[in-house]
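One structure is given below, encoded as structure tokens.
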């Protein structure tokens, strides 16, 4: 079993839809949770960074962490064609430098 | 003003050759990383340096050797390149192990 599981998709939605992206993990030591967006032939770009359980909102993006279920989510409201990219979840423990990434979910938003 | 820059962006070389990839960051971060992303987009850490000290050294063939001349630079040298080394290599940096910022990647093709 991988430490971080993420459905690779692809996920295709119409413009304006609410998108839900998810990851599950097995290591209860993870405390920091991140979402990265990666456009084709570009480097991953940090979208959201959260600590422990709870919600964090930034514009159209909301990150949720449920440590009791070992489950994290990224919601994208009013999705746009420019949101079409691969979304990678990532996580690490306290005091550690090693970040574990999910496999990434490829998202297509159709105009 | 590029935060994490890698050179070259593209590298095509023959099996058996030796090549180097260079990385520089101007963010004032103290930790730098090398990641490998395979054809399925899976991002896996290879090495990490904190204040020029090697702190993460994953199970990587010893043909791969990182070198950090100072906190702002981390290079990756690969000896005797093999077909399986073809991938995108990303450099990243962070401050005290917090969220990582990635470069644009070096697409290595071994023929």
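Protein chains in written order, with my numbering: chain A, 43 to 153; chain B, 18 to 128.
Yeah, the Cβ is synthetic: ideal placement off N, Cα and C, and Gly gets one too.
These numbers were taken from a predicted model, which means no experiment stands behind them.
In the three-state reduction of the DSSP assignment, residue 52 of chain A falls in the coil class. Within 10 angstroms of the beta-carbon of residue 54 of chain A lie fewer than 16 other beta-carbons, which makes it exposed. Per DSSP, the beta bridge partners of residue 115 of chain A are A:64, A:106. With a cutoff of 9 Å on beta-carbon distance, residue 139 of chain A and residue 82 of chain B are scored as not near each other. At a beta-carbon threshold of 9 Å, the residues of chain A lying near residue 121 of chain B are 83, 84, 85, ordered along the chain. Segment contact: the stretch 28-38 of chain B against the stretch 109-118 of chain A, fewer than three CB-CB distances shorter than 8 Å; contact not assigned. Straight through space, the alpha carbons of residue 70 of chain A and residue 106 of chain B are spaced by roughly 29 Å.
With a threshold of 9 Å between beta carbons, residue 128 of chain A makes contact with chain B.
By the CB criterion at 9 Å, residue 145 of chain A and residue 50 of chain A fall inside the cutoff. Of the candidates B:60, B:68, B:125, the residue whose Cα lies closest to the Cα of residue 99 of chain B is B:125.
Going by beta carbons, residue 52 of chain B and residue 39 of chain B fall outside the 9 Å limit. Only those residues of the stretch 71-105 of chain A whose C-beta falls short of 9 Å from the nearest C-beta of chain B are listed: 74, 76, 78, 80, 83, 84, 85, 86, 87, 88, 91. Using a CB distance cut-off of 9 Å, residue 59 of chain A does not count as an interface residue toward chain B. With a minimum length of 3 residues, the unbroken runs of beta strand (DSSP E) contained wholly in the stretch 18-48 of chain B fall at 21-24, 27-30, 36-42. Between residue 67 of chain A and residue 45 of chain A a beta carbon distance of about 6 Å is seen, short of the 8 Å cut, so the two are scored as contacting. With a 10 Å radius around the Cβ and a threshold of 16 neighbouring Cβ atoms, residue 43 of chain B comes out exposed. In this chain, the beta strand (DSSP E) harbouring residue 86 of chain B covers 81-87. Leaving aside the five residues that flank residue 122 of chain B on each side, the residues in its chain whose CB is nearer than 6 Å to its CB run, in chain order, 105, 107.
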